[in-house]
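*Asks:*
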Amino acid sequence: MMKTVLSILVGGLLVFLSFECSSQGVEENVLRWEDNQLDLGAVMEENGAVTVDYFFENKEDFPVIIEEVVADCGCTTVEFSTDTLFQDNKGLVKIKFDPQYRGGTFSKMILVKTNINTAGDSLFLEGVNIPYPNDVTQHYKIRKGGLGFVFPVNNLGTIFSNEIKTKYLDFNNFSEYPIQLNQIQEGLPEHILVKMTPAVVQPGKRGVLEIGYDPNIKKELGFIEEEISLSVLSSERFDVSLQFVATLHEHFEPVPISKIDSVPRLELEEAEVDLGKIKSHTKVQKRLTLENVGGESLNIRKIVTNCDCLTFDLPKYDLEKGEKIDLILEFVPEGRRGIDHKTLTIFSNDPLNPTRTILIKSRID
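For any residue, its number in my numbering is found by taking its place in the sequence shown, counting from 1, and adding 818.
1) Check the DSSP bridge columns for threonine 923 and list the partner residues they point to.
2) Residues bridged to leucine 809 by DSSP?
3) Which full runs of the beta strand (DSSP E) of 3+ residues lie inside the stretch 978 to 1054, going along the chain?
4) Could you give the distance in angstroms between the alpha-carbon of proline 1072 and the alpha-carbon of isoleucine 1078?
5) Between which residues of its own chain and aspartate 906 is the CB-CB distance below 8 angstroms, once the five residues before and five after are set aside?
6) Is lysine 926 near the ligand MN - that is, is its Cβ less than 8 angstroms away from at least one heavy atom of it?
7) Excluding the 5 residues flanking proline 881 on each side, which residues of the same chain have their C-beta closer than 6 angstroms to its C-beta?
8) Where does aspartate 1126 sit, in a helix, a strand or coil, going by DSSP?
9) Around the Cβ of threonine 932, are there at least 16 other Cβ atoms within 10 angstroms (buried) or fewer (exposed)?
10) Taking DSSP's pairing of strands, which residues face threonine 1175 in a bridge?
11) According to DSSP, which residues form a beta bridge with serine 940?
12) Which parts of the stretch 1110 to 1155 are runs of the alpha helix (DSSP H), unbroken and 4 residues or longer, counting only runs that do not cross its ends?
13) Going by beta-carbon coordinates alone, are glutamate 1045 and glutamine 1020 separated by less than 9 angstroms?
14) In chain order, what residues of the same chain have a beta carbon less than 7 angstroms from the beta carbon of proline 1007, not counting five sequence neighbours either side?
15) Tell me the rounded alpha-carbon separation between glutamate 845 and valine 1018.
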């Protein structure tokens, strides 16, 4: 009899624990969000606050109530559905972003806490805040065809091959006429896309050029300098030239520890070369050994130097497992004096260290 009662109690406890575990599993994703990460793009202070909506749906068979929405910044205010949401009911969280704060890229997090998930679902709001300058004329001092820009050369920063890089360039229309982009852009390369916001910028007003740079189309590695020509329509058509610099890198997925020995791996004999004292009229050569210490074939994608005075010779660009090869450097110091530093950068398919830079030091008499 005691064994029977004990069995019933144990069985009931297991059912209860099973129910509890199942319920906890359901709590992980109660609300289904249409999109939990929104990008506002360029937000200009003079246009005032920007409002966005995050829509969601309750797909579970129990009612959900939003109890609290918490923002991590005083620059955002929130409104949200307060009604009880039954299965298949939809609601929204409305976020208002006030751009009257310091400029630059921003990323805000909002927590939506419910009666089911008190830890909260995470929402993200991103964009670039562009404050209004105290002195418009001085701030936009780079003039091009009646338009004023901040910088003569625009730095796109580091760009990886797995995604398009977006850069926002604000400008002021100092001309007496509205301007807009020409629909036909013959001077625009295929890897660059340009959008103007607003589509028509009135005289004396600011606008933003949204520059999209696609590295998969460009298919280049390392430091690049580029100039494009935009066709603009106003009282007459005119061209605006824009200069860009960027550093392009190949993207590799993270390598699990268990596979580190099986991927290509480039080993350098020296990462810093000291040529010592040399004469300005004497060419200097240096031999460096490269080795593939990984488990797959290594491919040298590209080698670049930061000076025409530094050249190299590499017999082949593919190394099998365990293979070594000599890289010959030649430095021509003519016309140089004192302490000198040059670099040689190697790009390869080594996912752990795809970009390796060798420093070449010397003291030129």
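Glycine residues also receive a C-beta, built at the ideal position from the N, C-alpha and C atoms. Only a predicted model underlies this, so the values are computations on that prediction, with no experimental measurement involved.
*Replies:* Considering the structure as presented:
1) Answer is Val946, bridged to threonine 923.
2) As shown, the chain starts at 819 and ends at 1183. That puts residue 809 outside it, with no answer to give.
3) DSSP runs (the beta strand (DSSP E)) wholly in the stretch 978 to 1054: 983 to 991, 1010 to 1015, 1024 to 1031, 1040 to 1051.
4) About 10 angstroms.
5) Non-local beta-carbon contacts of aspartate 906 in its own chain, meaning distances under 8 angstroms to residues more than five positions away in sequence, involve Glu875, Asn876, Lys877 in chain order.
6) By its list of ligands, the structure shown contains no ligand whatsoever, and the ligand MN lies outside what it can speak to.
7) Once the five neighbours on either side are set aside, the close Cβ partners of proline 881 are Thr902, Phe904.
8) Judged by DSSP in its simplified three-state form, aspartate 1126 adopts coil rather than helix or strand.
9) Here threonine 932 is buried: its Cβ has 16 or more other Cβ atoms, across all protein chains shown, within 10 Å.
10) For threonine 1175, which the question treats as bridged, DSSP gives the partners Thr1163.
11) Leu929.
12) The stretch 1110 to 1155 contains no whole alpha helix (DSSP H) run of 4 or more residues.
13) No, these two residues do not count as a Cβ contact at 9 angstroms.
14) When the five nearest sequence neighbours on each side are left out, the beta carbons in the same chain lying within less than 7 angstroms of the beta carbon of proline 1007 are those of Ile1046, in order along the chain.
15) Because glutamate 845 carries a pLDDT of 42, less than 50, the predicted location of this residue cannot be relied on, and no value is offered for it.
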